[in-house]
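This report concerns only the one structure given below.
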Amino acid sequence: MIGIFKTNISTLQDKIKVIDAVSVRFPVTACTLDLEDCDKVLRVVVSQQLEEQHVITLVCSLGYQCSVLE
């Protein structure tokens, strides 16, 4: 599964915090967050099926906005 999300993450420290949390919680093969993009795109690649809502819930629980990028 590849999930692509729009976030409001804006600092390097926040980026590291979110990527670490996602990597610990889910079977991630790749996780990136583009701070240069206007949508602050979080891209999560996992080795098995995962509902996008689970990623959104985790990121939101850390205090950030997160939604599926359309």
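Numbering-wise (this note's numbering), the sequence shown opens with residue 997 and increments by one. Cβ atoms here follow ideal geometry from the backbone N, Cα and C, with glycine treated the same way.
- Task: Verify whether the separation of the beta carbon atoms of Phe1001 and Cys1056 is less than 8 Å.
- Result: As a working mapping, residue 1001 is identified with position 5 in the sequence shown. As a working mapping, residue 1056 is identified with position 60 in the sequence shown. Contact: no.
- Item | Supposed close pair Leu1054, Val1037 - CB separation, criterion 8 Å | Your numbering for residue 1054 matches position 58 in the sequence shown. Your numbering for residue 1037 matches position 41 in the sequence shown. Between Val1037 and Leu1054 the Cβ distance is about 16 Å, and since that is not below 8 Å, they are no contact.
- Task: Name the two residues that bound the continuous alpha helix (DSSP H) containing Ile1005.
- Result: Looking up residue 1005 in the sequence shown gives position 9. Careful: Ile1005 lies outside any alpha helix (DSSP H) and carries neither H nor E.
- Would you mind sorting Thr1003 into buried or exposed? The rule is 16 or more other CB atoms within 10 Å of its CB. Here residue 1003 refers to the residue found at position 7 when the sequence shown is read from its first residue. Answer is buried; the Cβ neighbour count reaches 16.
- Message: On the CB-based measure, 16 or more other CB atoms within 10 Å of its CB, does Leu1031 come out buried or exposed?
- Response: Your numbering for residue 1031 matches position 35 in the sequence shown. The residue is exposed, with fewer than 16 neighbouring Cβ atoms inside 10 Å.
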